[in-house]
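Read the structure below first, then the notes.
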Amino acid sequence: MDLDASFMISASGLDAQKARLDVISSNLANVDSTRTPEGGPYRRKDVVFSSKPVAETFNQVLTGVDQSGQGVQVTDIVTDTRPFKQVYQPQHPDADSAGFVSYPNVNAIEEMVNMISASRSYEANVTAFNATKNMALKALEIGK
Amino acid sequence: MEIFNKTIGVLEEALNIRSEKNRVIASNIANQDTPGYRAKELNFRDSLKSAADPDSPTLSMTQTNASHLGLRPAGQEPLQPVEIPGTSKRLDGNSVDPEMEMAKLAENQILYNASIQFISDRFKQLQTAITEGR
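Those sequence lines, one after another, are chains A and B.
The number in the working numbering is simply the position in the first sequence, starting from 1, with 738 added.
The number in the working numbering is simply the position in the second sequence, starting from 1, with 19 added.
In structure tokens form, the structure reads like this:
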């Protein structure tokens, strides 16, 4: 039944959007972090999505037919190379000799916009999942 | 007498195509944020036309290969999704239109349910005939 693949595709979409939300949360939480384990201020991170064929279903193995449904996955988490924000705070312990502190290159507004986009995409995947579920349940009613 | 006549065969194929179509729509929705992804769809009209063709192998339940469990008659190519023509309006080259996909998802689901309803009704008719209308 092809609905199996639909479930897996929607689940991959939910998974990817959740990973994206995790990264956005991390960016927002560290909007003012001037120290990190790697040294220096926090650098903004971003996810890279790519489409991938869903895992082999029983039908695919049996018939050898590639169902070519495309799920999605997070292939990489990249760091943003934009320059840090320079704020004049001579009393700050991380200030340089000129009195400027490097703050993370995170723009809170940009993150909020991304967050809403991720949240809406997540909802769209939930809707697709529910539609598939209702179809599968309806098919069980044949002959009742 | 053909008890399981052509109605059920056509409806069965319609359900198969509807579920494949659901898979393609789910793919598009899952990939709405993937850079460079091109939205796809199934050319449903042509395949249903060929399924309703009296000479189509879809209607006969022949099975020429033992590994086929009656899922699809031998010799018939499965539907392949094709890219929806048109250029992307987005900078990342993704051509998925989320609103359109959600509309297609709802439409496809309703029509799937309709086909299920038809099959159920057909079985009810058979039941009536078997029990002589009692």
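No residue lacks a Cβ here, since even glycine has one placed at the ideal position from N, Cα and C.
query: Is the CB of residue 29 of chain B under 9 Å away from at least one CB in chain D?
result: Of the chains in the structure shown, none is chain D; the protein chains are A and B.
- prompt: Mind listing which residues of the segment 111 to 131 of chain B have their C-beta closer than 9 Å to chain A's C-betas, in chain order?
  reply: 117, 120, 121, 124, 125, 127, 128, 131
- request: Starting from the C-beta of residue 103 of chain B, find all residues in its chain whose C-beta is less than 8 Å away, skip the five residues before and the five after it, and write them out in chain order.
  value: Translated into the one-based positions of the second sequence, residue 103 of chain B becomes position 84. 57, 58, 59, 60, 114, listed in sequence order.
Proximity below 9 Å, CB of residue 833 of chain A to CB of residue 827 of chain A: Along the first sequence, read from residue 1 onward, the residue named residue 833 of chain A stands at position 95. Along the first sequence, read from residue 1 onward, the residue named residue 827 of chain A stands at position 89. Yes, Cβ-Cβ distance for residue 833 of chain A and residue 827 of chain A is below 9 Å.
- prompt: With a cut-off of 9 Å, does the C-beta of residue 845 of chain A fall near any C-beta of chain B?
  reply: The residue given as residue 845 of chain A occupies position 107 in the first sequence. Residue 845 of chain A does not count as touching chain B.
message: Please identify, using Cβ separations under 9 Å, the residues of the segment 854 to 867 of chain A that lie next to chain B, in order along the chain.
response: Going along the segment 854 to 867 of chain A in chain order, one finds 855, 856, 858, 859, 862, 863, 865, 866, 867 with a Cβ nearer than 9 Å to chain B.
- request: Return helix, strand or coil for residue 882 of chain A, following the three-state DSSP convention.
  value: Your numbering for residue 882 of chain A matches position 144 in the first sequence. In this structure, residue 882 of chain A counts as coil in the three-state DSSP scheme.
For residue 28 of chain B and residue 814 of chain A, the rounded distance between their alpha carbons: Stepping through the first sequence from its first residue, residue 814 of chain A is reached at position 76. Stepping through the second sequence from its first residue, residue 28 of chain B is reached at position 9. In this structure, the straight-line span from the alpha carbon of residue 814 of chain A to that of residue 28 of chain B is close to 46 Å.
field: Top-ranked residue by Cα proximity to residue 858 of chain A, from B:136, B:25, B:117
entry: Position 120 of the first sequence, counting from 1, holds the residue named residue 858 of chain A. It is B:117 whose Cα lies nearest to the Cα of residue 858 of chain A.
message: Is there a Cβ of chain A sitting closer than 9 Å to that of residue 37 of chain B, yes or no?
response: In the second sequence, residue 37 of chain B corresponds to position 18, counting from 1. Residue 37 of chain B counts as touching chain A.
query: Is the beta carbon of residue 840 of chain A sitting closer than 9 Å to the one on residue 810 of chain A?
result: Within the first sequence, numbered from 1, the residue matching residue 840 of chain A stands at position 102. Within the first sequence, numbered from 1, the residue matching residue 810 of chain A stands at position 72. No.
Simplified DSSP assignment, three categories, for residue 117 of chain B: Reading the second sequence from its first residue, position 98 is the one you call residue 117 of chain B. Helix.
message: Let me see if you follow: with CB-CB separation under 9 Å, is residue 756 of chain A close to chain B or not?
response: For the purposes of this step, residue 756 of chain A is identified with residue 18 of the first sequence, where counting begins at 1. Not an interface residue.
- request: Go through its chain and collect everything with a Cβ distance to residue 762 of chain A's Cβ below 6 Å, but skip five positions before and after it.
  value: Within the first sequence, numbered from 1, the residue matching residue 762 of chain A stands at position 24. These residues qualify, in order along the chain: 849, 852, 853.
Own chain partners of residue 786 of chain A with C-beta closer than 8 Å, once the 5 adjacent residues on each side are dropped: By one-based count along the first sequence, residue 786 of chain A stands at place 48. Around residue 786 of chain A: 812, 813, 814, 815, 816.
Sub-9 Å separation of residue 783 of chain A and residue 764 of chain A beta-carbons: Your numbering for residue 783 of chain A matches position 45 in the first sequence. Your numbering for residue 764 of chain A matches position 26 in the first sequence. Closer than 9 Å, so yes.
- request: Indicate whether at least one CB of chain B lies closer than 9 Å to the CB of residue 788 of chain A.
  value: Taking the first residue of the first sequence as 1, we reach residue 788 of chain A at position 50. Closer than 9 Å to some Cβ of chain B, the Cβ of residue 788 of chain A qualifies, so yes.
- request: Measuring only between beta-carbons, confirm whether residue 886 of chain A sits less than 9 Å from chain B.
  value: What is shown of chain A runs 739 to 882, which leaves residue 886 of chain A out entirely.
task: Please confirm whether residue 740 of chain A and residue 35 of chain B have their CB atoms less than 9 Å apart.
output: Locating residue 740 of chain A in the first sequence gives position 2, where the first residue counts as 1. Locating residue 35 of chain B in the second sequence gives position 16, where the first residue counts as 1. Cβ atoms of residue 740 of chain A and residue 35 of chain B: closer than 9 Å.
field: Below-9 Å beta-carbon distance, residue 884 of chain A vs any chain B residue
entry: In the structure as shown, chain A starts at 739 and stops at 882, and residue 884 of chain A therefore has no counterpart that could be examined.
message: Please list the terminal residues of the continuous alpha helix (DSSP H) segment that includes residue 813 of chain A.
response: Taking the first sequence and counting its residues from 1, one reaches residue 813 of chain A at position 75. Careful: residue 813 of chain A lies outside any alpha helix (DSSP H), inside the beta strand (DSSP E) at 808 to 817.
- prompt: Whose C-beta lies closer than 8 Å to the C-beta of residue 62 of chain B among residues of the same chain, with five residues either side of it excluded?
  reply: As a working note, residue 62 of chain B is residue 43 in the second sequence. Cβ within range, chain order: 98, 101.
- request: Please report the residue range of the beta strand (DSSP E) in which residue 788 of chain A lies.
  value: For this step, residue 788 of chain A is matched to residue 50 along the first sequence. Per DSSP, residue 788 of chain A belongs to the beta strand (DSSP E) from 783 to 791.
- prompt: Could one say the Cβ of residue 882 of chain A lies closer than 9 Å to chain B's Cβ atoms, at least one of them?
  reply: If you number the first sequence from 1, residue 882 of chain A lands on position 144. Yes, residue 882 of chain A counts as interfacial toward chain B.
message: If you reduce the DSSP assignment to three classes, tell me which class residue 751 of chain A lands in.
response: Along the first sequence, read from residue 1 onward, the residue named residue 751 of chain A stands at position 13. Three-state DSSP puts residue 751 of chain A in a helix.
- prompt: Which bits of chain A does residue 26 of chain B rub up against, with CB to CB less than 8 Å?
  reply: Mapped onto the second sequence, residue 26 of chain B falls at position 7. In chain order: nothing, as chain A lies at least about 13 Å away.
Span of the beta strand (DSSP E), counted from its first residue to its last, around residue 860 of chain A: Taking the first residue of the first sequence as 1, we reach residue 860 of chain A at position 122. From DSSP, residue 860 of chain A is part of no beta strand (DSSP E) but of the alpha helix (DSSP H) over 846 to 877.
task: Return the Cβ separation of residue 870 of chain A and residue 45 of chain B in integer angstroms, given the expectation that the two are a contact with Cβ distance under 8 Å.
output: Counting from one through the first sequence, the residue named residue 870 of chain A turns up at place 132. Counting from one through the second sequence, the residue named residue 45 of chain B turns up at place 26. Distance from residue 870 of chain A to residue 45 of chain B at the Cβ level is roughly 7 Å; contact confirmed, criterion being Cβ atoms closer than 8 Å.
- prompt: At a Cβ threshold of 9 Å, is residue 94 of chain B touching chain A?
  reply: Locating residue 94 of chain B in the second sequence gives position 75, counting from the first residue. Caution applies to residue 94 of chain B, whose pLDDT of 46 falls short of 50 and renders its modelled position unreliable; the value that the coordinates give is listed next. Judged by the 9 Å Cβ criterion, residue 94 of chain B is not in contact with chain A.
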